[in-house]
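First up is the structure itself, then whatever we jot down about it.
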Amino acid sequence: MSTPSSALGGVATATPSALRIVPARHPLQLFGTLLALSLILLAVQSVLGNPRWGWGTFAEWFFARPVLEGLARTLWLTALGTAFGFALGTLLALARVSGSPLLAAVSWGYVWVFRSIPLLVLLLLLNNLGYLYSTIALEVPFTAITLFSYPTTQLIGVLTAAVLGLTLNQAAFSAEVIRGGILSVDHGQYEAAAALGLPRARQIRRIILPQAMRSILPAAFNDVIGLAKSTSVVYVLALPELFYTVQVIYRRNLEVVPLLMVATVWYLVILTALSLAQHRIERRFARGQLQRERSVSRVVSRPRSTPAAAPGVATRREHSVPVAAGQGAAVSVQGVSKHFTETTVLDDVRLELKAGSVTVLVGPSGAGKSTLLRLINHLERADGGVITVGGQLVGYRRDGDTLYELPEAEIRRRRAEVGMVFQAFNLFPHLTVLENIIEAPIAVRGIPRAQAEQQAHDLLDRVGLTEKANAYPRELSGGQQQRVAIARALALQPKVLLFDEPTSALDPELVAEVLGVIEELSQSGTTLVIVTHELGFARRVADHVVMMDQGRVIEQGPPEQVFDRPRQQRTAEFLAKTL
Ligand code: ADP
Ligand code: MG
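Quick note: the sequence shown uses the working numbering, first residue 1, plus one each step.
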């Protein structure tokens, strides 16, 4: 028991930096290491020492011409199976998650069938297709018109059958892998991409798939590696790929083991190359996910010059560019209602918001505030009533008493006039701040990249983030992310800007910087609709306050009236709780 006290004595006398540090010993770890080493040595000795492995024969055949030709065929089959398999798999996955029940069912059926059939059986079936169908023809159904017709055996040779079989098989597996990836992308990403008015194909290509890739890649490489090995099954078609070739050779010279080792080592080489490729590609798609070195000194705790207690006043900056008066548009909500299955979420909501006005929506959780905002940019369809923005119907074209839903492209064009800022920011994590901002102006408005970047820099200046253009969202604090989200919405020069609880996800000391930016915008002439629980802020910036409860507007008017002399008991209660 004397040890602790003597150790303490040592601490007291020596300076801490002069103390010697002895790491704890791990006897078990040492034992494990020695055991592993001896096992490896044994294995090496048994492989090299035993003449029956026939390493001489191995060396003779390893680079032999027929083996290399077989290897080339294996690589070729793997490459084609991967390319076609993943192409078809992507289509199947998209069909499965599409809104269409028929497409989803077809995709489901395909996956069910082709995952069930063993590859070997599939290959043999395809190879015997000529027996089942002597010609393959493309005809227009129920007519005599034939687009082309070919004898099956000519059209589907051994190589085609092999590629077809591998592709059909691979597609079934990769479809599920890709679907998993698509489902792993946060719903807010879809919503943000749609709210920016990005075309559907571009949403998938630029926003969804790159993020889905992170969870797709490890599983996909598993599949590709499986495929590289499955190509050996093709030997049943007598296609001289690597495995078939070594079989042909050892049947002649009876050196079975050395030739199997030739194939094994080549497969090892292929798989090593694939694993390296996987590492590289995964790193590329981890863009924005890894904390980069330089970001260690980031952001979050940078002291702000402004006290949190004074929201709004806070972030008004001397350098901020004078706001070019955006042309606000009037918003008219006329008897709108919305149901989700049985629940009525909005019930005969009527609002008239003037162009350039600032409206604050308040009300308890579940009142329907978010749903109303989503209806204003047609992310959701109303069940009754209509909404107009700048006099134009949202989402529909009116002909007499009938409303025709607009084509997708037209909805997108109008949606770009209504910007949206979300509680969860929903920045695209794999794109830099600058890329987040320029995505929609380039895709939706067709602005040249250089001009879009210039505008983005101006906007970043306006929200006080000039130096963050090349950072990834992960490298920013919540308040900074939300300011980028506001800049991103502004980049489309919307006539109406919707904020859905923009500060609810923020730490208290970061709220002020976001409210400051919004307050500045309130002078800009853009029509703002803000859902917030920051009542002090609401009182300062709002022209009009709307109180909602249980899907209805129960009270509206200027802030002094609603906040100081509420007419409804419910409003008074809500305000008392929120303050
Ligand atoms: P708020 O934003 O005021 O909190 P919301 O508009 O988000 O309210 O939601 C209003 C009501 O609608 C809630 O009861 C919610 O459960 C319901 N709701 C919202 N979206 C959906 C949906 N997609 N499916 C079913 N119910 C929904
Ligand atoms: Mg909400």
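Even glycine gets a Cβ: it sits at the ideal position worked out from N, Cα and C.
How would you label residue i, buried or exposed, when you count the other beta carbons within 10 angstroms and need 16 or more for buried?
i: Ile-40; result: exposed
i: Ala-18; result: exposed
i: Val-262; result: buried
i: Gly-181; result: buried
i: Thr-578; result: exposed
i: His-378; result: buried
i: Thr-272; result: exposed
i: Trp-112; result: exposed
i: Pro-473; result: buried
i: His-279; result: exposed
i: Gln-289; result: exposed
i: Gly-197; result: buried
i: Tyr-131; result: exposed
i: Tyr-404; result: exposed
i: Ile-145; result: exposed
i: Val-22; result: exposed
i: Ser-524; result: buried
i: Leu-183; result: exposed
i: Pro-441; result: buried
i: Gly-70; result: buried
i: Gly-384; result: exposed
i: Ser-522; result: buried
i: Gln-480; result: buried
i: Phe-574; result: buried
Under the criterion of a Cβ to heavy atom distance below 6 Å, does residue i qualify as lining the ligand MG?
i: Lys-369; result: yes
Report whether the distance from the Cβ of residue i to the nearest heavy atom of the ligand ADP is below 6 Å.
i: Gly-366; result: yes
i: Val-265; result: no
i: Val-593; result: As shown, the chain starts at 1 and ends at 579. That puts residue 593 outside it, with no answer to give.
i: Phe-537; result: no
i: Phe-86; result: no
i: Phe-340; result: yes
DSSP beta-bridge partners for residue i?
i: Arg-397; result: Tyr-404
i: Gln-334; result: Val-386
i: Arg-552; result: Asp-549
i: Val-531; result: Leu-361 and Asp-500
i: Gln-392; result: Val-389
i: Ser-149; result: Ala-137
i: His-430; result: Per DSSP, none; premise fails for His-430.
i: His-544; result: Thr-359
i: Gly-557; result: Val-545
i: Phe-537; result: The partner list for Phe-537 (beta bridge, DSSP) is empty, contrary to what the question assumes.
i: Phe-340; result: Thr-343
What are the boundary residues of the beta strand (DSSP E) that includes residue i?
i: Arg-350; result: 343-353
i: Val-418; result: 418-421
May I ask which residues mark the beginning and end of the alpha helix (DSSP H) holding residue i?
i: His-187; result: 187-195
i: Ile-208; result: Where Ile-208 is concerned, there is no enclosing alpha helix (DSSP H), given that its DSSP letter is neither H nor E.
i: His-279; result: 256-285
i: Gln-327; result: First-last for Gln-327: undefined, no H or E at that position.
i: Ala-172; result: 158-184
i: Phe-574; result: 569-578
i: Asn-377; result: Looking at the DSSP string, Asn-377 is not in any alpha helix (DSSP H), and its letter there is neither H nor E.
i: Gln-203; result: No alpha helix (DSSP H) holds Gln-203; DSSP gives it neither H nor E.
i: Thr-245; result: 242-253
Could you check if residue i belongs to the surroundings of the ligand MN, using beta carbon to heavy atom distance under 6 Å?
i: Leu-34; result: This structure simply doesn't include the ligand MN; it includes the ligand ADP and the ligand MG instead.
_Give the list of continuous beta strand (DSSP E) stretches no shorter than 3 residues that lie fully inside the stretch 86-145._
135-139
*Taking only runs of the alpha helix (DSSP H) that begin and end inside the stretch 14-56, which ones reach a length of at least 4 residues, in chain order?*
27-49
*Hey, which unbroken runs of the alpha helix (DSSP H) at 4 residues or more fall wholly within the stretch 448-525?*
449-462, 478-490 and 508-521
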